[in-house]
Every structure is written in structure tokens, then in C-alpha cells.
Amino acid sequence: MAERPFYVTTPIYYVSSVPHVGHAYTSIAADALARFHRTRGPTYFLTGTDEHGQKVAQAAAAAGMTPQTWTDQLVEQWKGLCRRYNVEYDDFIRTTEPRHSDAVVLFFERLKERGDVYLGKYEGWYCTNDETFWLEAKLVDGRCPNPECRREVQWLSEDNWFFALSKYRDRLLEYYRANPQWVRPERSYNEMVATLEGGLEDLCISRVNLEWGVPLPGGGVMYVWLDALLNYITALGWATGDEKFATFWPARVQLIGKEIARFHTIIWPAMLWALDLPAPETVFAHGWITIDGEKMSKSKGNVIEPFAAAERFGADSVRYFLMREAPFGTDFSISLEKIRKRHNTDLGNDLGNLARRSLAMLERYRGGIVPAYSGTSEIASRFADLPARVAARFEALDLRGALEDTWELIAALNRAIDDRRPWELAKRGEDAALDAILYDLCEGLRWCAHLLAPFMPVKAAEMYATLGTGDELGGDWRTDLVWGKLAAGTRARPAEAGLFPRIEDEPPAPAA
RNA sequence: GGCUCGGUAGCUCAGUGGUAGAGCGGGGGACUCAUAAGCCCUAGGUCGUAGGUUCGAAUCCUACCCGAGUCACCA
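Here the first sequence is numbered in this note's numbering, starting from 11 and rising by one per residue.
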């Protein structure tokens with residue numbers, strides 16, 4: 011049965027500053043999903059940058075640059091983050107590209123034709139720093155109530171365009187009731203239902219006193235959020251009738267951080283419906299990465315810097331940590347020490363050492379030549395359904411579960427070595443039994459390489475290469491992960507250095 | 001303040017009516033192929049507090065305490 015093409019997106023990242031590990035987290039999760047789905051069929055993975063809005067304009071001005079120059083330079087950091095972590099996107103869209111901004115204008119015109127957008131007056135106390143209108147009652151001493159801001163606010167009265175969001179409320183509620191899985195995890199779903207039940211107001215979608223954005227006919231620019239949300243379809247060529255759009259929309263999975271759920275699960279589907287387009291299949295709101303339970307923040311100086319982490323532990327080890335540490339969707343806490351522990355124990359001790367000891371014995375007892383498969387194996391029968399189980403985890407967006415299931419095989423292989431004691435079999439000349447365990451180990455490693463490739467593409471490929479099959483990873487598990495497929499006579503070569511060399515504790519930093 | 005979700009072994013958590021579980025850490029043991037890795041054994045925790053329902057509750061109800069999230073036209 012052919013699956014529907016798989017389209018996965020990350021939020022487009024706001025380029026007012028540099029990336030941190032939270033951005034890497036979302037991108038890596040999307041990448042793992044995309045890499046898995048590529049083994050089964052057409053897959054498209056989109057990420058990008060959100061470059062409009064007042065904060066970008068201000069940051070650029072502060073740096074003495076035009077907004078365009080500013081974003082041109084910053085976007086390299088974001089692309090560099092993907093490169094550093096081997097995040098293999100199919101497309102990277104910037105909202106300043108004409109293919110996007112032209113489509114935003116088209117969107118606006120379509121809505122106008124349809125009567126979903128109208129001219130109105132927006133008035134209120136406005137804080138330029140927060141780009142927010144505040145109710146008078148919320149002001150603190152006549153100033154911005156945001157405790158980190160507290161700037162003066164000004165009274166603004168503007169003629170603006172409004173999107174008739176409220177008229178989609180009932181349809182949204184029906185959609186939520188009919189599709190309980192469409193917003194996940196459940197916590198986000200419940201909160202959004204509660205928001206909807208509380209009622210919706212129309213949305214002001216233009217900014218007349220701002221220039222850095224997509225210009226609207228008659229003046230002003232598009233509110234940055236609507237501009238940004240549209241990237242998910244403009245990148246596919248919605249506006250130009252590209253066949254990519256026909257193939258991949260609606261998205262199977264849109265990953266977001268839980269803080270932007272409202273935009274993606276209320277405003278976004280309404281925008282799509284206004285264009286007579288279907289809403290995405292699933293919006294998944296993942297949790298925050300914290301440091302000892304606290305939100306990362308530059309002022310606290312507790313930021314994990316993604317480039318430095320990759321430097322110290324290797325990109326794949328950080329990828330592994332992020333996907334393994336907590337169930338996908340919940341908050342979890344990160345520290346360099348935690349990454350180091352997972353690297354040393356899960357990756358070094360369990361997996362890396364398994365590969366090394368297995369291949370060392372193959373080398374010693376069989377000259378590195380993979381023996382023939384006898385046709386039966388206890389491990390084979392016990393794990394026959396593993397690829398299907400791991401695949402089901404991916405379908406369910408249970409990325410940690412996929413790793414946990416795979417680790418069962420790794421543990422079983424380590425246990426098998428101790429149970430069957432190849433060194434004794436070799437001494438006693440029990441060739442058939444020795445061949446059997448050695449074959450199980452090599453075949454097991456081949457399976458691990460396939461199953462782990464979405465999470466650790468580089469290390470999985472290295473591991474696979476040591477087996478010496480000459481093939482590359484990336485095939486369909488349903489045909490490739492059949493126990494016994496590893497050919498007898500294959501010349502495997504133990505890696506010289508371990509796959510995951512142990513990383514020692516850092517010496518205490520010298521006092522400043 | 002309203003709403004939501006949590007408070008279970010040192011740590012992270014699973015467990016939603018019927019004799020308290022997993023992983024990690026800690027402790028003990030046997031082995032040697034291996035990155036002093038792996039394997040085996042080992043935790044006896046008033047399941048936030050106080051009531052209630054029930055033959056029986058970590059699991060249902062009530063109140064309270066504690067923590068987090070959310071209630072913004074803020075990435």
C-alpha cells in the first residue's frame with residue numbers, strides 16, 4: 011500500500027539573533043523523521059528563516075545595516091547550524107525571497123476577493139519594543155506591562171486590515187472534535203480547544219507604520235506572523251501551481267515549539283480554509299529544553315551553544331542525546347554533563363563497544379570474513395518484528411521510543427556474546443556455533459546501522475561501512491532488514507578508533 | 001485569579017480499582033572478545049497532605065499544599 015508523500019516542516023526561525031540548541035532540536039527531529047520517511051517514499055523537508063518584522067528592522071538598524079544585509083549575513087548561521095548537524099532539508103525558504111513575498115500578496119488578494127479580509131480601525135496603547143497593543147487596564151504605571159520591557163507606550167489609531175478569523179471558530183471546533191489527533195501532544199490540543207471555546211476575535215493583519223515586511227496594496231505591510239505561516243505553502247509553489255504543492259500538501263507533520271501552538275493550530279488552519287486548502291494533518295508541539303528546569307536565557311548565561319556542543323561531542327552524539335533524553339513532546343533538561351554521560355554509556359559502552367568487540371572477534375577468529383547464515387537464529391526470530399516496531403514509533407512521532415526499541419537489540423547482542431562465549435567456542439573448535447554467533451553479531455550491527463541512520467546519519471554510515479558490504483544505507487527496511495541478508499564472505503574491517511571514543515570529564519575551568 | 005498538567009525508589013519517569021515497576025546512579029558477583037566496556041544479582045519507596053467512595057485505591061471523588069504551563073496582535 012503506497013503511503014501518502016511525507017511533508018514535514020520546522021517553524022521558520024526568526025533571525026533577530028543567533029541559533030541556540032532549541033532550534034537545533036526541532037530541526038534534528040524533523041530531519042530524523044524525514045530520513046526515516048525517505049526510506050519508504052517521496053519525502054519533503056522544509057525549514058527556513060522568518061526575516062521580517064520590527065525586531066529584525068531594529069536589530070539591523072542597531073548594527074548599522076539595512077535589514078536585507080543584516081538577514082543575508084545572519085541566515086548563514088542558520089544554514090550553518092543545519093550543516094553542522096547534518097540536517098538535510100529539501101528546501102530552505104527565506105521570507106524575503108520573491109517566491110515567498112509574491113505569494114503573500116496573492117494570499118492577501120484571494121482573501122479580499124473572498125471577503126475574509128476587511129478594513130477597520132485599530133486603536134490602543136502600543137509598545138514598539140514588544141510590537142504589541144496593550145489594554146489600558148494592563149499597563150503598569152502607564153508603561154509596558156512586560157516586566158522585561160517597561161517602556162513607554164504610545165496611543166495609536168490606525169486604519170488596518172483585519173482577517174475574519176472569528177467566522178472560522180465553529181469550523182475549528184468541529185475540526186478539533188473530529189480529529190483529536192490533529193494537535194499533539196494532548197496538552198496542546200486541550201489548551202487550544204479551551205482557547206476556541208473562549209471565543210475568537212478577528213485578527214489585525216497589517217502594520218501601517220512598519221516598512222520591513224511584505225508590502226500590501228494600499229500601504230503598510232503584512233503582519234509578520236501571517237507572512238511567516240504562509241512559508242509552508244509558498245515554498246512548495248502554491249502560488250505558481252507547482253506540482254510539488256499538489257504532491258505534498260497537506261503536510262503530514264508540522265513541528266513547532268509549544269509556545270507558538272496558537273498560531274499554528276488556530277490561525278493557520280483558518281488561513282488555509284480561507285484559501286479552500288486543507289489544514290495540515292498533524293501539528294506537533296514539542297517541549298522546551300531547560301537547564302536544571304529553567305528556561306535557557308542569555309541573561310542567565312545558561313545557554314548550551316550548539317556549535318560548541320557539536321565540537322565537543324560530535325554532531326551525532328548531540329543528536330542522539332536530544333532525541334533520546336525525553337519523550338518527544340515533553341520538556342526536558344540538558345547539560346553538557348548529561349550529553350557526555352549518554353555519549354559514554356549508551357553510545358560508547360553499549361553500541362560502540364558492541365561494534366568493536368564483535369568485529370574484533372570476527373577478525374581474530376575468521377579473518378574478518380562474515381560467515382554464512384545457518385538459516386535460523388534465536389535473535390533473528392526474537393527481533394523479526396523490530397523494524398516494523400521502530401517504523402511504527404516514527405509514525406507515532408515517538409522518536410525516543412524508536413531509540414529504546416533499537417537499544418533492545420543492542421542489549422540482546424551484548425548479552426548474546428556473554429552467553430555464548432565465542433572465545434570458548436573458538437578454543438574448543440566448535441565452528442558452527444562460532445559462526446552462528448559471529449553472523450548474528452554482524453547482521454545485528456547491520457540492522458542497527460539501518461535503524462539508527464535517521465538519528466545518527468554519519469555514525470550509522472561509518473558503522474555500516476566497517477561491515478564492508480559496499481552498499482549504502484537508505485534502503486527500505488521492509489526489504490533490507492531481513493535477517494540473513496548480509497552476504498557470507500563479506501570482508502568486514504574493525505574501525506581503528508572506536509565509533510564513539512570515550513569523552514573524559516572536563517578539567518575544572520580555571521577561575522576567572 | 002480562571003483553566004490545564006504534574007507531585008511514585010537518590011535521580012528521570014512508567015504504572016488509571018485488585019499483592020508497588022523500569023532506566024540511570026549506588027552496592028555485590030562471575031568472566032575476558034571489547035572503549036576498565038559488557039554480563040549477572042541487588043533498591044524494600046507512609047505512591048504530595050487530609051478526608052471520602054469501595055470488599056479493595058498510587059489508580060475514583062472532595063478539600064488543601066507544592067511545582068510547571070497557559071490565559072497577548074510577543075519567533
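Beta carbons are placed, not taken as given, at the ideal position from N, Cα and C, and that holds for glycine.
Check your understanding: Do R367 and I427 come within 9 Å of each other at the CB atom, strictly closer than that value?
Key -> The answer is yes: Cβ separation under 9 Å.
Practice item. Closer than 8 Å by C-beta to A519: which residues in its own chain qualify, once you throw out the five before and the five after it? Chain order, please. Key: Confidence in A519 is poor, its pLDDT being 46 and thus under 50, which makes the residue's placement too unreliable to answer from.
Review point. Should the segment 60 to 67 be regarded as contacting the segment 16 to 25, the criterion being three or more beta carbon pairs within less than 8 Å?
Key: yes
Check your understanding: Roughly how many whole angstroms lie between the Cα atoms of T53 and A113?
Key -> 23 Å
Exercise for review: Out of G228, I215 and V203, state which residue places its alpha-carbon closest to the alpha-carbon of L239.
Suggested key: I215
Check your understanding: Hey, out of R50, G208, V66 and R14, whose CA is closest to A398's CA?
Key -> R50
Exercise for review: Would you identify the three-state DSSP class for R14, choosing helix, strand or coil?
Suggested key: coil
Exercise for review: Give the C-beta separation of T500 and V380 to the nearest angstrom, bearing in mind that I take them to be a contact with Cβ-Cβ under 8 Å.
Suggested key: 4 Å
Exercise for review: Would you identify the three-state DSSP class for R217, choosing helix, strand or coil?
Suggested key: strand
Check your understanding: Under 9 Å, do G130 and W171 count as touching if we go by C-beta distance?
Key -> yes
Review point. Between the segment 193 to 205 and the segment 64 to 74, do three or more beta carbon pairs fall short of 8 Å?
Key: no
**Study point:** Residue from S345, A319, F258 and I299 whose Cα sits closest to the Cα of P290
**Key:** F258
Exercise for review: Leaving aside the five residues before and after R272 along the sequence, list all residues of the same chain whose C-beta is less than 8 Å from its C-beta, in chain order.
Suggested key: M202 and T205
Check your understanding: Would you call the segment 334 to 346 and the segment 409 to 425 in contact, with 3 or more CB pairs under 8 Å?
Key -> yes
Exercise for review: With a threshold of 16 other CB atoms inside 10 Å of the CB of P21, please say whether the residue is buried or exposed.
Suggested key: buried
Review point. Thinking just about the alpha-carbon of each residue, which of R179, G32, E98 and E13 is nearest to the one in V313?
Key: G32
Check your understanding: So, are the CB atoms of L509 and R456 less than 9 Å apart?
Key -> no
Review point. Which residue from Y132, A188 and V193 puts its Cα closest to that of W165?
Key: Among Y132, A188 and V193, the Cα nearest to that of W165 belongs to Y132.
Check your understanding: In angstroms, rounded to a whole number, what distance separates the CA positions of L423 and S327?
Key -> 21 Å
Check your understanding: With C-beta atoms as the reference, is A436 less than 9 Å away from S384?
Key -> Not closer than 9 Å, so no.
Check your understanding: Can the beta-carbon of I344 be found less than 9 Å from the beta-carbon of T300?
Key -> yes
Exercise for review: Note down the Cα distance separating F118 from V127, rounded to an integer number of angstroms.
Suggested key: 8 Å
Practice item. Drop a sphere of 10 angstroms on the beta-carbon of D450, count the other beta-carbons inside from all chains shown, and report buried for 16 or more, exposed for fewer. Key: buried
Practice item. Kindly provide the ranges of any alpha helix (DSSP H) runs that are 4 or more residues long and lie completely inside the segment 182 to 208, ordered along the chain. Key: 196 to 207
Point to revise | Straight-line Cα distance separating G439 from Y95 | key: 47 Å
Review point. Whose C-alpha, out of Y17, Q191 and V468, is nearest the C-alpha of A320?
Key: When the alpha-carbon of A320 is set against those of Y17, Q191 and V468, the nearest one is in V468.
Point to revise | Buried versus exposed, by CB contacts within 10 Å (16 or more), A390 | key: buried
**Study point:** Which listed residue (L175, Y136 and R350) has its alpha carbon closest to that of E162
**Key:** Y136
Practice item. Name the two residues that bound the continuous alpha helix (DSSP H) containing N241. Key: N241 to T244
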